[in-house]
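Structure, as structure tokens:
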Amino acid sequence: MGQPAAAEAASLLDNNAAPPPPPQRPPRKAVVAGLALLAAVAAATARATRPAPRLASNAMDIAVTGPYGANTAAQYPFLASGRYDALVEPHASTELRVAGAPRSAAAAVWTFGDGRAAPSGFAVNATFPALGEYRVSATAYDADGRAVAAATALLVCRYARREIRQLTDGDRNRFLDAMQVLWSCRNCSDAYGPAYVDIYALTRQHAALAGDKACDHMHDGLGFLTMHLGLSLAFEQSIQAVDAAVALPYWDYTVDRHDADRGARPLGGSAMWRSDWFGTADPAVNTVATGRWAFVAAEQGAWDAPVHNSYGFLRAPWNNNDRPWVTRSDSLCGYKFEDTPSCAAHFALLNGTDSWFDFAWQLPYAPHGSVHQYVGGTLDCNDTATELLEFLRDEVNQKKYPGFASTSSDLMYLLRTDMFLALKNLYRLDRLAFPAFCSPDAPSSDCASTCDYPTNLNQALAHNNTGAVEAFWGEMMAWDTAIAGSLQTISSRYDWLSEALKVKVMTHLCDAGFGTDGDHLEAASPLDPSFWPVHPTIERLYQYKQLSTGFANESWPDENYAATAGCYGHARTDVVPFAFSLLEGRDGAPAAYTNEELLALASPREPNLPYVYADFDWAHCARAGYDFAALAAARTRR
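Here is the structure:
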């Protein structure tokens, strides 16, 4: 970030000003409009120096109160240790108040870094124009003009990311208004500056990485956290190019799960889905049809994009969704899915991992992944699953398997919730092929995928090659082991599910098709506006892990770092490809960082990032029996 201009400060400060004693006590509050005067404080004079000892005469101090109160980000070590006296936020009105002045004090005069005086008063309002460090001093004078006490504070200026429901209505609307510009103004860097990137460009980049046929460079590996950290920063700095006062909030979806579990509010009743926030999809059209984000257009004619579907939409190549708008479904192939991440899942991640490797492998899944299933859903596959159930019922009843009635619901859950994974996995394994081109008016039946394996499966069955059948089943039903939670898969518990019946199930699915994904659940997910508050939530978990139980082993291993061996984006030396700026001593220009470098810079021990998280509070989880604060307390005792 650039240094504030000294000329701005000079325009608001009288260089010859001195602190003459006033004839009487002045008003308790003087407003320093805009406080460009603080601009001259800049890091040139304060950044490299430690705070000077306070002049503690009469225990006078400087109290700092931002728009959301005092003690923002107080758990960060660089604040808790006293290295900085307080955190302030850019472009936000901040009150600086003299605290503990002696009784004889009749006035207070403020100076900011370069020694020039500001208007007097026991309290002043300040607006900090840029990220950096600011040294602020206050001197108290008695009625005769004698200095009777003084105090100095070193302030650090960073954006504060808050839970989206913590924002004032005004701040939340500013954030959402700035977001909307990215959806409406393409290629507008001339108007907003080089940090501006529109949503379609960001979505193309994410889709190219997540939709690559070879492997997923964004997910399913150790790079998940750093890749999304970089993406979120690029997005945040783009909306800040529109409105420099906004920061990217996070959505703590465990709040909604907690409320739903105790019967206080269904998941769909969350404020997230208000029409003036992110909206609720109309099931008749499977998109948000009213409010701020009504009918957000999917990018069509994206034939020049690295990935697209058969209709030319900017979507994953395995997702032949031909709907022209950002798509959401309230179910997974007809199953009402509401198993979103819980307090238990987040607590288990923090309390049950001792190495970065284990933490990073668990982070994308139980603590996060099902949010995308819940919001995006899957479509065009309910009938397929229902028909398959009827087929199985007929087949099994003929053979008189008494256990079918009590266990078929589990298998249907597996089939309905597995479709999105089956699509992706089978495409990457060359088991599914899609047309290179489909006319926009072509029905989905004419643009369906084709399978290459039913004949091979029947041949394997004829030769009693059960290993080949099980291998195909595992590729199609990847969700099976994941939801079983053990080495024994759900399907292996059914004595009626023979290899012959598995072949019939897979053939039926291949013939009927695997449906389509809602956009939140596939490679072009950033186009859904509700995507953006999701990933700061997991980054906040990482920061709290560092502040609480920590890692006994923080190494990033050179093997087993991705689900697909060697997948670029997940090795420690792979470069995070998004453009953003940090504050770790460089000039503020966008720079390239490896995964390992960015992870180290994201540590909460140092203020290297342009932002902090306003708090690490999970009060709702504590009420459910998961005391996150106790994790940090246990580390302190150690």
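So the sequence shown is numbered by full-length UniProt numbering: it starts at 1 and just counts up by one.
Glycine included, each C-beta is placed from N, C-alpha and C at the ideal position.
Is the beta carbon of residue j closer than 7 angstroms to that of residue i?
i           : j       : result
Leu-432     : Ser-449 : yes
Leu-527     : Ala-632 : no
Glu-596     : Trp-532 : no
Asn-560     : Ser-355 : no
Asp-256     : Leu-267 : yes
Gln-205     : Phe-580 : no
His-219     : Pro-364 : yes
Ala-316     : Ala-523 : yes
Thr-111     : Ser-137 : yes
Ser-329     : Asn-320 : no
Val-88      : Phe-122 : no
Ala-140     : Ala-126 : no
residue 716 : Cys-343 : Nothing in the structure corresponds to residue 716, since the chain is present only between 1 and 638.
Gly-100     : Arg-135 : no
Leu-131     : Pro-67  : no
Val-396     : Trp-496 : yes
residue 642 : Arg-540 : Because residue 642 is not part of the residues shown, which for the chain are 1 to 638, the question remains open.
Tyr-76      : Pro-604 : yes
Ala-178     : Val-242 : yes
Closer than 6 angstroms to a non-hydrogen atom of the ligand PLP - does that hold for the CB of residue i?
i       : result
Phe-357 : Summarising the ligand content, the structure contains no ligands, and the ligand PLP is consequently not present.
Output the distance between the C-alpha atoms of residue i and residue j, rounded to the nearest integer angstrom.
i       : j       : result
Thr-226 : Arg-103 : 53 angstroms
Asp-259 : Asp-441 : 43 angstroms
Leu-582 : Asp-446 : 49 angstroms
Ala-297 : Gly-291 : 14 angstroms
Asp-142 : Glu-95  : 23 angstroms
Ser-57  : Gln-240 : Residue placement at Ser-57 is flagged as unreliable, the pLDDT there being 47, under the threshold of 50; a coordinate-derived value is accordingly withheld.
Ala-634 : Tyr-250 : 26 angstroms
Ala-289 : Ala-281 : 7 angstroms
Ser-81  : Asp-171 : 30 angstroms
Glu-390 : Asp-380 : 18 angstroms
Ala-622 : Phe-628 : 7 angstroms
Gly-193 : Phe-278 : 27 angstroms
Pro-590 : Val-576 : 12 angstroms
Ala-74  : Leu-155 : 13 angstroms
Cys-157 : Asp-61  : 19 angstroms
Tyr-374 : Ala-245 : 31 angstroms
Cys-333 : Leu-414 : 11 angstroms
Lys-29  : Ala-108 : Confidence is the limiting factor: at Lys-29 the pLDDT is only 37, short of 50, which leaves the residue's position unreliable, though a coordinate-based value still follows. Straight-line Cα distance between these residues: approximately 10 angstroms.
Arg-97  : Val-64  : 7 angstroms
Ala-436 : Phe-420 : 20 angstroms
Arg-572 : His-368 : 22 angstroms
Ala-305 : Phe-434 : 17 angstroms
Phe-313 : Phe-235 : 22 angstroms
His-308 : Trp-325 : 15 angstroms
Asp-452 : Gly-515 : 18 angstroms
Leu-209 : Ala-405 : 43 angstroms
Trp-618 : Ala-70  : 19 angstroms
Glu-470 : Thr-287 : 38 angstroms
Phe-78  : Ser-331 : 45 angstroms
Cys-215 : Val-124 : 56 angstroms
Leu-222 : Thr-203 : 21 angstroms
Gly-467 : Asp-358 : 31 angstroms
Thr-384 : Met-412 : 11 angstroms
Arg-47  : Phe-616 : Because the pLDDT of Arg-47 is 32, which lies under 50, any placement of that residue in the model is unreliable, and the number read from its coordinates should be weighed accordingly. Arg-47 and Phe-616: Cα-Cα distance of roughly 27 angstroms.
Would you decide whether residue i is buried or exposed? Buried here means 16 or more other CB atoms lie within 10 Å of its CB.
i           : result
Ala-153     : buried
Asp-430     : exposed
Gly-569     : buried
Pro-53      : Unreliable placement is indicated for Pro-53, whose pLDDT of 34 sits below 50; no coordinate value is reported for it.
Lys-424     : buried
Asp-322     : buried
Ser-486     : Only weak support is given to the placement of Ser-486: the predicted model assigns it a pLDDT of 47, under 50, and the question is left unresolved by the model.
Arg-416     : buried
Ser-439     : exposed
residue 655 : The structure shown has nothing for residue 655, since the chain only spans 1 to 638.
Asn-187     : exposed
Trp-293     : buried
Review point. Which runs of the alpha helix (DSSP H) spanning at least 4 residues fall entirely within the stretch 491-558, listed in chain order?
Key: As far as the stretch 491-558 is concerned, its whole alpha helix (DSSP H) runs of at least 4 residues are 499-512, 535-547.
Point to revise | Three or more C-beta pairs below 8 angstroms linking the stretch 500-514 and the stretch 456-468 | key: The answer is yes - the stretch 456-468 touches the stretch 500-514, with three or more Cβ pairs under 8 angstroms.
Review point. Within the chosen definition, does the stretch 154-162 reach the stretch 177-184 through at least 3 CB pairs nearer than 8 angstroms?
Key: no
Practice item. Scan the stretch 560-634 and note each continuous alpha helix (DSSP H) run of 4 residues or more that stays entirely inside, going in chain order. Key: 595-601, 619-623
**Study point:** Contact between the stretch 295-310 and the stretch 346-362 (3+ Cβ pairs under 8 angstroms)
**Key:** no
Review point. Are there three or more Cβ pairs, one per stretch, closer than 8 angstroms when the stretch 508-517 is compared with the stretch 220-234?
Key: no
Review point. Can you list the alpha helix (DSSP H) stretches of 4 or more residues lying completely in the stretch 102-186, in chain order?
Key: 169-184
Check your understanding: Can you list the alpha helix (DSSP H) stretches of 4 or more residues lying completely in the stretch 256-290, in chain order?
Key -> none
Exercise for review: Return the chain-ordered ranges of every alpha helix (DSSP H) run that is complete within the stretch 294-365 and spans a minimum of 4 residues.
Suggested key: 343-351, 356-362
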